[in-house]
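*Asks:* Residue numbers for the sequence shown follow my numbering, beginning at 11 and rising by one.
The structure follows.
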Amino acid sequence: MDANWSSPQSPGKRFPFSRINRLEALGFSTYDSTCQIAQEIAEKIQQRNQYERNGENTTKLTVTIRALLQKLKEKIALLKDLLLRAVATHQITQLEGDRRQNLLDDLVTRERLLLASFKNEGAEPDLIRSSLMTGGAKRGAPNPWLLEEPEETRGLGFDEIRQQQQKIIQEQDAGLDALSSIISRQKQMGQEIGNELDEQNEIIDDLANLVENTDEKLRTETRRVNLVDRKSTSCGICLLFEYMQFHGMKC
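Have a look at this one:
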């Protein structure tokens, strides 16, 4: 096996083999090869069925499929043993162990389906097509068997993980409370600004009315002054005319 390999969670990131638990690395490679064997079996069963429909000899393919099924069985047994040892020696958490057990159960189910399809010679049920669609770890795709656990939860038990999650939730709640308080203050400030604007608008309206009234009064007084001025001019001319007549002056 290569001394370096890529972590499934960080494609392209390389880790030296010395930093990786050898049992974990073995489980990773075993799961990957087991999925590939299951995929190969599904493809060969499909090929055998095609040969039978065409009237071709299937003896060689049948022998190959039997050998691959036996190999698949052995690989699954090895994965079970590796998983039990990893959980027993606390190399992975119980939660991670349950997740890998589910992956292992899926492999066991696929083994049974492949075996049933192999014994049902000449048939090509949907089980084969399903196995081909969901089968093996594809090249370049993350291997779900070995997902690197985060440093925060590595080596922790259920109670410790639960306490850690509760602490995170409490911190989030505190942050939400602080944010809610800030939003409330901003809302109050907005309402106060709105009230102040309403008061300023009322003052502006009163000032506009006052200016309009003052302007109307000014126009009225101007008309009165003009009227008085015209009357004063007419009266002065009349008095001058009477004065000249009284003294016998000619205009």
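By construction, the Cβ of each residue, glycine as well, lies at the ideal position given by its N, Cα and C atoms.
1) Evaluate Ser127 with the Cβ neighbour count: other Cβ atoms within 10 Å of its Cβ, from every protein chain shown; 16 or more gives buried, anything less gives exposed.
2) Please report the straight-line C-alpha distance between Gln80 and Gln175, rounded to a whole angstrom.
3) To the nearest angstrom, how far is it from the Cα of Asn219 to the Cα of Asp225?
4) To the nearest angstrom, report how far apart Gly132 and Leu105 are at their CA atoms.
5) Go ahead and pull the three-state DSSP assignment for Arg29.
6) Is it the case that the stretch 38-49 contacts the stretch 76-95, given that we only count it when at least three CB pairs across the two stretches are under 8 Å?
7) Should Leu113 and Ala48 be called a contact, given that it needs their Cβ atoms to be closer than 8 Å?
8) Does DSSP put Met68 in a helix, a strand or coil?
9) Hey, could you find the ends of the alpha helix (DSSP H) Thr119 is sitting in?
10) Please report the straight-line C-alpha distance between Ile214 and Ile178, rounded to a whole angstrom.
11) Does Asn236 pass the burial test, meaning 16 or more other C-beta atoms within 10 Å, or should it be called exposed?
12) Taking the C-alpha atoms as reference points, what is the distance between Asn59 and Asp115?
13) Beta-carbon separation of Leu71 and Gln56 under 8 Å?
14) Leaving out five residues on either side along the sequence, give the residues of the same chain with a beta carbon under 8 Å from the beta carbon of Lys54.
15) Within this structure, are the beta carbons of Thr68 and Glu62 separated by less than 8 Å?
16) Going by the CB atoms, is the gap between Thr44 and Leu82 shorter than 8 Å?
17) Quick check: the Cα distance between Leu228 and Asn211, rounded to an integer number of angstroms?
18) Taking only three categories from DSSP, how would you classify Thr44?
19) For Lys197, count the other beta carbons within 10 Å of its own beta carbon; 16 or more makes it buried, fewer makes it exposed. Which is it?
20) Given a cut-off of 8 Å on the beta-carbon distance, is the pair Arg109 and Leu93 in contact?
21) Report the three-state DSSP secondary structure of Gln80 (helix, strand or coil).
22) At the level of alpha carbons, what is the spacing between Gly204 and Asp187?
*Replies:* Based on what the coordinates show:
1) One-based indexing of the sequence shown puts residue 127 at position 117. Ser127 sits buried, since 16 or more C-beta atoms from the chains shown fall within 10 Å of its C-beta.
2) As a working mapping, residue 80 is identified with position 70 in the sequence shown. As a working mapping, residue 175 is identified with position 165 in the sequence shown. Approximately 44 Å between the Cα atoms of the pair.
3) Position 209 of the sequence shown holds residue 219. Position 215 of the sequence shown holds residue 225. Spanning the two alpha carbons is a distance of roughly 10 Å.
4) Within the sequence shown, the letter at position 122 stands for residue 132. Within the sequence shown, the letter at position 95 stands for residue 105. Since pLDDT at Gly132 reaches only 47, below the 50 mark, its modelled position is unreliable, and no value is offered.
5) On the sequence shown, position 19 is the one that residue 29 refers to. Here the model assigns Arg29 a pLDDT of 37, short of 50, so the residue's position is not dependable, and the following value carries that caveat. Arg29 falls in the helix class under three-state DSSP.
6) yes
7) Here residue 113 is taken as the residue at index 103 of the sequence shown, counted from 1. Here residue 48 is taken as the residue at index 38 of the sequence shown, counted from 1. Cβ distance not < 8 Å, so Leu113 and Ala48 don't count as in contact.
8) Your numbering for residue 68 matches position 58 in the sequence shown. The question names Met, but residue 68 in the sequence shown is Thr. Here Thr68 sits in coil by DSSP.
9) Numbered from 1 along the sequence shown, position 109 holds the residue referred to as residue 119. Run containing Thr119: Gln104 to Lys129, per the alpha helix (DSSP H) assignment.
10) Position 204 of the sequence shown, counted from the start, is the residue given in the question as residue 214. Position 168 of the sequence shown, counted from the start, is the residue given in the question as residue 178. Their Cα atoms are separated by approximately 54 Å.
11) Taking the sequence shown and counting its residues from 1, the one referred to as residue 236 is at position 226. With fewer than 16 Cβ atoms within 10 Å of its Cβ, Asn236 is classed as exposed.
12) The residue you call residue 59 lines up with position 49 of the sequence shown. The residue you call residue 115 lines up with position 105 of the sequence shown. Those two C-alpha atoms are separated by around 27 Å.
13) Residue 71 sits at position 61 when you count from the first residue of the sequence shown. Residue 56 sits at position 46 when you count from the first residue of the sequence shown. Against a cut-off of 8 Å, the Cβ pair of Gln56 and Leu71 comes out as no contact.
14) Sequence index remark: in the sequence shown, residue 54 carries index 44 (1-based). Here the set comprises Leu71, Thr74, Ile75 and Leu78.
15) Counting from one through the sequence shown, the residue named residue 68 turns up at place 58. Counting from one through the sequence shown, the residue named residue 62 turns up at place 52. Yes, Cβ-Cβ distance for Thr68 and Glu62 is below 8 Å.
16) As a first step, residue 82 must be located in the sequence shown, where it is residue number 72. As a first step, residue 44 must be located in the sequence shown, where it is residue number 34. In this structure, Leu82 places its C-beta atom within 8 Å of the C-beta atom of Thr44.
17) Reading the sequence shown from its first residue, position 218 is the one you call residue 228. Reading the sequence shown from its first residue, position 201 is the one you call residue 211. Leu228 and Asn211: Cα-Cα distance of roughly 26 Å.
18) Residue 44 sits at position 34 when you count from the first residue of the sequence shown. Reduced to three states, the DSSP call for Thr44 is helix.
19) Here the question's residue 197 lines up with position 187 in the sequence shown. By the neighbour-count rule (16 or more Cβ atoms within 10 Å), Lys197 is not buried but exposed.
20) Counting from 1 along the sequence shown, the entry for residue 109 is found at position 99. Counting from 1 along the sequence shown, the entry for residue 93 is found at position 83. Contact: no.
21) For this step, residue 80 is matched to residue 70 along the sequence shown. Gln80: helix per DSSP, three-state reduction.
22) Position 194 of the sequence shown, counted from the first residue, corresponds to residue 204. Position 177 of the sequence shown, counted from the first residue, corresponds to residue 187. So the alpha carbons of these two residues sit roughly 26 Å apart.
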